[in-house]
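Peer 1: In full-length UniProt numbering, the protein residues as written are 1 to 262. Quick one: the structure is below, and I'll ask about it shortly.
The following block contains the structure:
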């Protein structure tokens, strides 16, 4: 499989697709998701899932970003269908988001009429602009003399919570939190979703941190004779992969509980 750019999205298409993943990454790494999340997304594609990774540039208007990423995704689906690249059978669509990508999927599911078999929300956070962007506080202080001016995301954290409570329509959700992630807010999201869709929300706590989904392939070329340095390199590679592999297994099992162990 090779990455293809189609209608502004980065796409991976396995030989016999069994489902479609719309992937949205974190705020500052989402401009090139086929690179920053390459290993995770390629591993999921190997199990039969079409990957449509939509890049975006972060702004304060998260509603506009959600609308644009959805539009880009739907345009790509139409292109794939027109080319006959998805086959003729029905393929369920799942959303996977990391960090800010979670908020975008939540907004998509709350503001727009979409059909989703489920969403996987990794390392959700819903911070105010002053907490999410260190320089925003300095930017705001420049305009303190104007009492009507305030810098904040649209929707704000409170507005986002209200939207989820009242309008979020995707019933089946997997929330993933890492045990060493100090900015994760999945617990509060889980409570919101459980109240809206009892028994349809699963939360998994995995080893790792906020950057675990960004794990990359570590190339280690052993020498002609395996030596202690090679052993250290192989051990390091296993440590780097361990948390990412656990994440991959958790995602794939949720997507297809009948799949064989990985």
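For each residue, glycine too, the CB sits at the ideal point set by N, CA and C. It should be emphasised that the depicted structure is a prediction, and the values quoted were computed from it without experimental measurement.
(1) Within 10 angstroms of the Cβ of residue 178, are there 16 or more other Cβ atoms? Answer buried if so, exposed if not.
(2) For residue 204, which residues does DSSP report across the bridge?
(3) Short check: CB of residue 32 to CB of residue 24, under 8 Å?
(4) Just to confirm the assignment: which complete alpha helix (DSSP H) runs, minimum length 4, are found wholly within the stretch 49–83?
(5) Mind checking which residues open and close the beta strand (DSSP E) that includes residue 159?
(6) Could you tell me whether the Cβ atoms of residue 95 and residue 22 are closer together than 8 Å?
(7) Buried or exposed for residue 101, please, with buried defined as at least 16 other CB atoms from any protein chain shown within 10 angstroms of its CB.
(8) Buried or exposed: where does residue 122 fall if 16 or more other Cβ atoms within 10 Å of its Cβ makes it buried?
(9) Please report the straight-line C-alpha distance between residue 151 and residue 54, rounded to a whole angstrom.
(10) Is DSSP giving residue 94 helix, strand or coil here?
(11) Which residue or residues does DSSP assign as beta-bridge partners of residue 154?
(12) Do you know how far the Cα of residue 9 is from the Cα of residue 77?
(13) Per DSSP, residue 6 is paired with what?
(14) Helix, strand or coil, according to DSSP, for residue 136 in the structure here?
(15) Leaving out five residues on either side along the sequence, give the residues of the same chain with a beta carbon under 8 Å from the beta carbon of residue 17.
(16) Contact check, residue 12 vs residue 42 under 8 Å by CB: the rounded distance?
(17) Helix, strand or coil: how does DSSP classify residue 183 here?
(18) Would the beta-carbon of residue 264 fall within 8 Å of that of residue 120?
(19) Got a sec, what are the start and stop residues for the alpha helix (DSSP H) residue 34 sits in?
(20) Starting from residue 210 and walking both ways along the alpha helix (DSSP H), at which residues does that stretch end?
(21) Apart from the five residues just before and just after residue 115, which ones in its own chain have a Cβ nearer than 7 Å to its Cβ?
(22) Mind checking who residue 23 pairs with in its DSSP beta bridge?
(23) Run through DSSP, which three-state label would residue 125 get?
(24) Specify the secondary structure class of residue 118 as computed by DSSP and reduced to three states.
Peer 2: In short:
(1) Numbered from its first residue, the chain shown carries residue 178 at position 178. That one is buried.
(2) Taking the first residue of the chain shown as position 1, residue 204 is located at position 204. Under DSSP, the beta-bridge partners assigned to residue 204 are 176.
(3) Position 32 of the chain shown, counting from 1, holds the residue named residue 32. Position 24 of the chain shown, counting from 1, holds the residue named residue 24. No, these two residues do not count as a Cβ contact at 8 Å.
(4) Runs of the alpha helix (DSSP H) lying entirely within the stretch 49–83 and spanning at least 4 residues, in chain order: 62–82.
(5) In the chain shown, residue 159 corresponds to position 159, counting from 1. The continuous stretches of beta strand (DSSP E) do not include residue 159, which lies in the alpha helix (DSSP H) extending over residues 157–167.
(6) Locating residue 95 in the chain shown gives position 95, where the first residue counts as 1. Locating residue 22 in the chain shown gives position 22, where the first residue counts as 1. Yes.
(7) Taking the first residue of the chain shown as 1, we reach residue 101 at position 101. By the 10 Å Cβ count, residue 101 comes out buried.
(8) As a first step, residue 122 is located in the chain shown; it is residue number 122 there, counting from the start. Classification for residue 122: buried.
(9) Taking the first residue of the chain shown as 1, we reach residue 151 at position 151. Taking the first residue of the chain shown as 1, we reach residue 54 at position 54. C-alpha of residue 151 to C-alpha of residue 54: approximately 26 Å in a straight line.
(10) As a first step, residue 94 must be located in the chain shown, where it is residue number 94. In the three-state reduction of the DSSP assignment, residue 94 falls in the strand class, which pools E and B.
(11) As a position in the chain shown, residue 154 is number 154, starting the count at 1. According to DSSP, residue 154 bridges with 61.
(12) Looking up residue 77 in the chain shown gives position 77. Looking up residue 9 in the chain shown gives position 9. Answer to the nearest angstrom: the Cα atoms are 10 Å apart.
(13) Within the chain shown, numbered from 1, the residue matching residue 6 stands at position 6. Its beta-bridge partners are 9.
(14) Taking the chain shown and counting its residues from 1, the one referred to as residue 136 is at position 136. Residue placement at residue 136 cannot be trusted, given a pLDDT of 47 that sits under 50; what the coordinates show is reported in the next sentence. Residue state, collapsed to three classes: helix.
(15) Your numbering for residue 17 matches position 17 in the chain shown. Contacts found: 48, 49, 50, 86, 87 and 91.
(16) Stepping through the chain shown from its first residue, residue 12 is reached at position 12. Stepping through the chain shown from its first residue, residue 42 is reached at position 42. Yes, they are in contact, since the Cβ atoms of residue 12 and residue 42 sit about 7 Å apart, within 8 Å.
(17) On the chain shown, position 183 is the one that residue 183 refers to. It is coil, neither helix nor strand.
(18) With the chain represented from 1 up to 262, any question about residue 264 goes unanswered, as that position is not in the structure.
(19) Indexing the chain shown from 1 puts residue 34 at position 34. Per DSSP, residue 34 is one residue of the alpha helix (DSSP H) stretching across 33–36.
(20) Counting from one through the chain shown, the residue named residue 210 turns up at place 210. Neither: residue 210 is in no alpha helix (DSSP H) and is coded neither H nor E.
(21) Translated into the one-based positions of the chain shown, residue 115 becomes position 115. In the same chain as residue 115, and ignoring 5 residues on each side of it, the C-beta atoms closer than 7 Å to its own belong to 93, in chain order.
(22) In the chain shown, counting from the first residue as 1, residue 23 sits at position 23. 53 and 96, per the DSSP bridge assignment.
(23) Along the chain shown, read from residue 1 onward, the residue named residue 125 stands at position 125. DSSP places residue 125 in coil when its eight states are reduced to three.
(24) Taking the first residue of the chain shown as position 1, residue 118 is located at position 118. Three-state DSSP puts residue 118 in a strand.
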